[in-house]
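Visitor:
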Amino acid sequence: MSSNRLYTPPFPEPGPAEPAGLLVFNARIHTLRPDTPTASVMAARGAELVYVGDDRRKAAALLPPRAVKLDLEGRPVIPGLIDGHAHVVSEGLRLAELILLDKSRAEILALIGREAATRPPGDWIVGQGWNQEHWPGQDWPTKEELDAVAPHHPVAMDRVDKHSTWVNSEALRRAGLTDQSPDPPGGEFVRDPAGRLKGVLVGQAMWAVKDLIPPPDERRLHQALLRAQAEMLGFGLTSVMEAGATLKKLEVMEKAYQDGELKLRIRAMLLAREKQDEAYLAAGGRRVDGLFGERLSINGVKIHSDGSLGSRSAWLYRDYADRPGHRGGHNYSDQELLAILERARAHDLGVSIHVIGDAAVGQAVAAMERVLRKRPGDHRWRLEHFQVVTERDLELTLALKLIPSIQSVGLMSDLEMAEDRLGPKRLKLSYAWREILNRGGILVNGSDAPVESANPFWGMYAAVTRRNLAGRPPGGWRPEERLTREEALKTYTTWAAWSEFNEHRKGSLAAGMLADFIVLDRDPLVCPEEEIKDTQVLLTILGGEIVHPRA
């Protein structure tokens, strides 16, 4: 880091002068407080709510006469939403790259060809979002297809899950990869039947090429951060967990907060894969909460244990149903994972482990149990994605009070693929959200943007209906695992706030809480369920300030 501001108090608290106040009335407010679940009036002074109830006169008396007054004409209001797992800067970078989501193979190749025609030879062409599961035949793409449209540029296109990369011959040449290159630990160079490289790199193999792509400079990171913020505020997100921060990204965030440009509340988890947690602690860093007006916290470590089902890189106990002899892979030995967890616990850092396959879950919960038995206490450690799990490991997860952090929006992509990968027997405890709640657990929800859309209402829709945006399958995929609307909303509010030790400040609406709330064009708790995904945010208020208006 270029300064020690993030390590040693006092911390700077720049920003505009305290607002005059905000009075909201004639609203349908869902407070998510069990004692007073609904209200029609709220008052905010500065960054906090000072009144939530039904008495407009009482609320107005708590504010100066010049307070802003908003007559919402009966519109619904809910707490500001919390994305429990996203990659903020990466999402902003995605918005400036080639976006391949939901495109056919032919459309993607045409897009890359047009991009190559505008770039000097030798420039990298990057993008993300392709999904071979949506193409006829569902086979891997090839380097020859990219060579035909961009022969003079290195090309690297991430799959939708960002656990596979499609590259051309020029990218392979720069990386020094040949048909004789051995697969790296935790990765695979996909090959044709003759053993030749097809041009798809899976898991850890991706980094042979991706490490060659020039990293974004500070200006690009800054632009990406603000681009992502604008999108997220427009979706009603007032807080987000950054699931993989680097020290470079933290510097950019720090400056944007100092300059008053960044409003979004970010909880940063340091990326273990690049040893960012070690570097942070070695430089004197420690757990810090609530910097810049309760907007930035640095209080955890993010660990990537395995890959994804779509790329067949998630680590399974038994072979993939559609690829006998293959079980995916893992990124850490038991001892390596244990060392990261012990260091985190010793420094009071939270832990979030990416686990998609059941073997990855098993390794993670076993290591967490060893550490937490030695150092008990209120940890609120998390298991990210938590898609495939055995009965034994689910029981241990709940016994240790670990938090499954799901991305329900991803169900819409996976429901057409998961059974092929896993077979029917393993589906029993896969994506088993209702089962977790029935056994006394809670769920935190997020988008994993840029892997999936950052729109939380798509996630709520998927959690409630278990269908994709096209309404398939009509009865819902494994409908017994549906959440109620209130539960789906809690995964983005009260439960998400609790997971980051902030239940006393956000996730619900009451006097003394942060004035983070959103005004909607429809009520997702009562509208037809197929309309939940179409919900639009009219106003986003963060800390009593209107940060997103919609005409």
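FYI, in the numbering used here the residues of the sequence shown are 31 to 581.
Glycine is no exception: its CB is placed at the ideal position from the N, C-alpha and C atoms.
Indicate the three-state DSSP secondary structure (helix, strand or coil) for L111 in the structure shown.
Guide: strand
Visitor: How many whole angstroms separate the CB atoms of R342 and G358, which I take to be in contact at a CB cut-off of 8 Å?
Guide: 6 Å
Visitor: Since I believe A146 is in contact with I155 (beta carbons under 8 Å), could you give me their beta-carbon distance rounded to a whole number of angstroms?
Guide: About 6 Å separates the beta carbons of I155 and A146, which is inside the 8 Å limit, making them a contact pair.
Visitor: One question on the structure: do D191 and V481 come within less than 8 Å of each other, judged by their Cβ atoms?
Guide: Cβ distance < 8 Å, so D191 and V481 count as in contact.
Visitor: Considering Cα atoms alone, identify which of R58, L256, T268, V220 is closest to N485.
Guide: T268
Visitor: Measuring CB atoms only, is the segment 103–116 touching the segment 87–94, in the sense that at least three cross pairs come out at less than 8 Å?
Guide: no
Visitor: Alpha carbon to alpha carbon, how far is Q566 from D551?
Guide: 6 Å
Visitor: What is the rounded straight-line gap between the Cα of E533 and the Cα of P406?
Guide: 21 Å
Visitor: Per the DSSP calculation, V318 is bridged to which residue(s)?
Guide: I328
Visitor: Rounded to the nearest angstrom, what separates R316 and P245 at their Cα positions?
Guide: 27 Å
Visitor: Pull up the distance between the alpha-carbon of K455 and that of V418, whole angstroms please.
Guide: Straight-line Cα distance between these residues: approximately 11 Å.
Visitor: Measure the C-alpha to C-alpha separation of K431 and G157 and round it to an integer number of angstroms.
Guide: 38 Å
Visitor: Give me the Cα-Cα distance between S194 and K536, rounded to the nearest whole angstrom.
Guide: Cα-Cα distance, rounded: 36 Å.
Visitor: Ordered along the chain, which non-local residues of its own chain (more than five positions away) have a Cβ less than 6 Å from that of A526?
Guide: The residues are I112, G114, V474.
Visitor: Could you name the residues of the same chain whose beta carbon sits closer than 8 Å to that of D564, not counting the 5 residues immediately before and after it, in chain order?
Guide: F487, R552
Visitor: How close, in whole Å, do the beta carbons of S435 and L413 come, if the pair is a contact with beta carbons under 8 Å?
Guide: 6 Å
Visitor: What does DSSP give as the partner residues of Q158 in its beta bridges?
Guide: I129, D188
Visitor: If you follow the alpha helix (DSSP H) that E399 is in, where does it begin and where does it stop?
Guide: E399 -> alpha helix (DSSP H) spans 388–404.
Visitor: Please determine if the segment 447–462 and the segment 322–339 are in contact, where contact requires at least 3 C-beta pairs separated by less than 8 Å.
Guide: yes
Visitor: Would you mind reading off the limits of the alpha helix (DSSP H) that contains T521?
Guide: 515–521
Visitor: Extract the residue ranges of the alpha helix (DSSP H) inside the segment 432–464, only unbroken runs of 4 or more that lie entirely within it.
Guide: 441–444, 448–452
Visitor: Output the distance between the C-alpha atoms of M584 and A376, rounded to the nearest integer angstrom.
Guide: Lying before the first or after the last residue shown, residue 584 is absent from the chain, which here runs from 31 to 581.
Visitor: Report the residue from E421, I433, I386, T420 whose alpha carbon sits nearest the alpha carbon of M398.
Guide: Of the candidates E421, I433, I386, T420, the residue whose Cα lies closest to the Cα of M398 is I433.
Visitor: Relative to the C-alpha of A205, which candidate in L231, S134, G440, A224 has its C-alpha closest?
Guide: L231
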